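Residue numbers -4 to 150, in the numbering used here, belong to the letters of the sequence shown in order.
Ideal placement from N, C-alpha and C gives every residue a C-beta, glycine not left out.
Nothing here was measured: the structure is a model prediction, and the numbers come from that model.
Let me begin by presenting the structure, written as structure tokens, before commenting on it.
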Amino acid sequence: MFRSCTIALSDGVVLTANCMFDSGALHSSYASASFVNEHRLALSDKLYPSNSVIILGDGAANAQSTELLRLSMAFSDNHSKPVNLNNASFRVMPLACDFIIGLPHIVGPLSRLFMQILMDAIQAEHSTYPTPPPRPFPTVPAPPQVANTPQPPPT
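Written out as structure tokens, the structure is:
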């Protein structure tokens, strides 16, 4: 699930980025090396050396990260209200999108936004299927009739 965000830098520059919310990114969030390289001068005061090995989704492959990016992002919810992710850390690595928002940020400061995005996806998926006709209640046969048999008196 994707959502765009803005990144306001101290010199007045505002960057726009495409973020993928990934609940499978269990331990961290990530910044694209190509996004960082494209904006390296503007982001220079937000980059820190940091060596780490990132285990990828298949659990076997890994990627190397040598930088950590710390910045704040602003998203808009479905009602155009701002949702901020302040002073967040992103491990820099090759990505197909600008940022991956991982589980720690999803269940933390971005939980309400993530639930909106998730509910939108669920509603969109359900709207593509026609509503099935109501099913009739199953008929259950009545229990067999038992003839009245005399009972012995209680003792």
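Given residue i as reference, the closest of the options once Cα atoms are compared
i: serine 5; options: Ala12, Met(-4) and Leu36; result: Leu36
i: aspartate 53; options: Leu63, Ser24, Pro125 and Gly19; result: Gly19
i: histidine 74; options: Gln111, Val48 and Ala116; result: Gln111
i: arginine 65; options: Leu80, Ser71, Ala55 and Lys76; result: Leu80
i: proline 44; options: Val78, Phe85 and Thr134; result: Phe85
i: alanine 83; options: His100, Val135 and His34; result: His100
i: alanine 91; options: Ala116, Met15, Val9 and Ser(-1); result: Met15
i: alanine 28; options: Leu21, Arg(-2) and Ser60; result: Ser60
Exposed unless 16 or more other CB atoms sit within 10 angstroms - verdict on residue i
i: isoleucine 50; result: exposed
i: glutamate 25; result: Note on residue identity: the sequence assigns tyrosine, not glutamate, to residue 25. So tyrosine 25 counts as buried.
i: glutamate 62; result: buried
i: glycine 97; result: buried
i: methionine 114; result: exposed
i: leucine 38; result: buried
i: lysine 41; result: buried
Where residue i sits in the DSSP three-state scheme
i: asparagine 73; result: coil
i: alanine 28; result: helix
i: arginine 65; result: strand
i: serine 39; result: helix
i: serine -1; result: strand
i: serine 122; result: helix
8 Å contact criterion, which residue i and residue j should meet: CB distance rounded
i: alanine 58; j: methionine 88; result: 5 Å
i: asparagine 32; j: aspartate 93; result: No, asparagine 32 and aspartate 93 are not in contact; Cβ-Cβ is about 12 Å, not under 8 Å.
Let me know the beta strand (DSSP E) ranges lying completely inside the segment 79 to 118, each 3 residues or longer, listed in chain order.
94 to 96, all fully within the segment 79 to 118.
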